[in-house]
Amino acid sequence: MRDDFSRILETIPPSGIRRFFDLVIGAKDIISLGVGEPDFVTPWGIREDAIYSLEKGMTSYTSNQGLQELRDAISDYIGTRFSGHYDPIHEILVTVGVSEAVDVTVRALLNPGDEVIVPEPSYVCYSPLIQLAGGVVVPLDTSPTFVPDPARLEAKITPRTKAIVLCSPNNPTGRVIPKETLLQIAEIARKHDLWVLSDEVYAELTYDEAYTSFASLPHMKERTVLLNGFSKAFAMTGWRLGYICAPRPLVERVLKIHQYCMLCAPIMSQYAAIEALKNSLPQVEEMKKSYQARRNFFVSGLQDAGYETFLPEGAFYCFPSIQHTGLSSEEFALELLKQHKVAVVPGSVFGAGGEGYIRCCYATGMDQLKEALARISAFKVS
3 MRDDFSRILE TIPPSGIRRF FDLVIGAKDI ISLGVGEPDF VTPWGIREDA IYSLEKGMTS
63 YTSNQGLQEL RDAISDYIGT RFSGHYDPIH EILVTVGVSE AVDVTVRALL NPGDEVIVPE
123 PSYVCYSPLI QLAGGVVVPL DTSPTFVPDP ARLEAKITPR TKAIVLCSPN NPTGRVIPKE
183 TLLQIAEIAR KHDLWVLSDE VYAELTYDEA YTSFASLPHM KERTVLLNGF SKAFAMTGWR
243 LGYICAPRPL VERVLKIHQY CMLCAPIMSQ YAAIEALKNS LPQVEEMKKS YQARRNFFVS
303 GLQDAGYETF LPEGAFYCFP SIQHTGLSSE EFALELLKQH KVAVVPGSVF GAGGEGYIRC
363 CYATGMDQLK EALARISAFK VS
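Under the working numbering, the first residue of the sequence shown is numbered 3, with each subsequent residue one higher.
Structure representation (C-alpha cells):
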C-alpha cells in the first residue's frame, strides 16, 4: 500500500489541547482545568424541545443551509443582541459547530499562497485549517497585553494578505478587544480591502462591558464573516451547532462546500437551537453570573499564589504567567499534572505568543476550583 499521504497534513501537529485531555481520561483524582467546556447541563427547555422533535419523528435531513425557522431566529437574535442585520434566506448558513464554519469559510476564501493574519495566542483550529486550505498563516504576537496592536497588525500586511482572524472574547486568554481597537482594525481592513473572520462564539459571556460585534461597525458587514454558535453560551457543546453570517456571494460559495462535506447539521440540534434562541437567554444570564463569580475567585487565588494574572473580560478562561518558575509552558503543565494532578493547557499550543503562560478553564465546580488553587499553591519547581 502506498504511504505518500498529504504533505500539508504531515506538517500539522495534533491538537495540543486534545493531547492533555487524553492524559487525564480514566485517571483518578485529576482536577481538569483543561478542556474549554461549560460544566452546566444544557438547559431543560432546550433538551425538552429536542426530545419533542424526536417524538414527532423529526429525524430527516434539512435544507443544506439549515431550517428556515432557525435561520429566522438567528437573524432576529443577531439583530436584537448585536445590532447585526442579516437576511435569513441569503446571508446565514447553519454549520456543524464553529470549527466547521471556520473550515468552510477559509476554503471558500483562499487561493494557494493567500496570507491570513492570525493574532496569537489563538484557538488551535485557525492556523491548521488555513494551511489545509492552501493559505499561509502570518502570526501576530499580541503578548503581553493579548490585544492586537493595530500598528503591528498593519505592518504584517503584504500584497498577498487576504484576511484577518479575530476572536473576542478570546480563547485562550479571555481578553475582549476594546471597541476603539476594533474601529482601528476596521479602518485597516477597509484601507487594504481585507476580509475579517470574527469568531464571536463567546460574545454572550462578556462580563464587564457591552459587547461590540465587528460586523456592526460602520461599513464592516460587507467584509466580515461573523462566526458564532451554541456550544459555549447555551452549554450545548455536544450538539455541534454553529452558524455563519456573511455577504451573500460568500455564503453561496461556503454553502457549495458545506453541501458536499457535511450536507446539513443534525435536525434535532437545530430544533434545540430554535428553543435556545427564543426562550433560553435568561438561563444564559444565570450561567454567566456563575462564571463571573468563579472568575473573580480563581483569578484572585492565582494572584495570591504568586502567579501574575490579569482579569479576563470574557469567556471562561484565565491565562496566568508561569515565567517566574523558569519552566516552559509544557514543562509546567506536565509537572503540575504529575505532582499535584491538576490538568491545564500549555500556552504554547496556542502559538508562540502563548509561551510562558498556561490556560486554565474555570468552568468547573467551586469546590474543584478551591482544591485546584490549593494544589497549584503547593506546586514547587523541582
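Built from N, CA and C at the ideal position, the CB exists for glycine as well.
Could you say which of Phe232, Ala295, His221, Cys362 lies nearest to Ala267 if we only look at CA atoms? Looking at the Cα atoms, Phe232 is the closest of the given residues.
Which class does Val149 belong to by DSSP, given the choice of helix, strand or coil? coil
In its own chain, which residues sit with a C-beta less than 6 Å from the C-beta of Gly356, not counting the 5 before and 5 after it? Pro123, Gly349, Ser350
Using only the alpha-carbon positions, how far apart do Thr239 and Thr311 sit? 27 Å
Just curious, the beta strand (DSSP E) that Lys164 is in, first and last residue? 163-169
Note down, in chain order, each residue of its chain lying with its Cβ closer than 8 Å to the Cβ of Arg162, except the 5 sequence neighbours on either side. The residues Gly115, Asp116, Glu117, Val138, in chain order, have a CB closer than 8 Å to that of Arg162 in the same chain once the five nearest residues on each side in sequence are set aside.
Select from Leu112, Leu243, Glu254 the residue whose C-alpha is nearest the C-alpha of Glu102. In terms of CA proximity to Glu102, Leu243 leads the group Leu112, Leu243, Glu254.
Contact between the segment 321-331 and the segment 69-83: three or more CB pairs below 8 Å? The count of Cβ pairs closer than 8 Å, one atom from the segment 321-331 and one from the segment 69-83, stays below three, leaving the stretches out of contact.
Which residue marks the beginning of the alpha helix (DSSP H) containing Trp241, and which one marks its end? Where Trp241 is concerned, there is no enclosing alpha helix (DSSP H), given that its DSSP letter is neither H nor E.
Got a sec, what are the start and stop residues for the beta strand (DSSP E) Leu142 sits in? For Leu142, the enclosing beta strand (DSSP E) covers residues 138-143.
At what residue ranges does the segment 303-345 contain a whole run of the alpha helix (DSSP H), taking only runs of 4 or more? 331-342
Thinking just about the alpha-carbon of each residue, which of Met368, Val347, His194 is nearest to the one in Ser330? Val347
Spatially closest choice to Val383 from Gln67, Gly328, Lys343, Lys223, by CA coordinates: Gly328
Going by other Cβ atoms of all chains shown within 10 Å of its Cβ, with 16 needed for buried, is Lys164 buried or exposed? buried
So, using beta-carbon positions, are Leu229 and Val100 closer together than 8 Å? yes
Three-state secondary structure (DSSP) at Tyr128? helix
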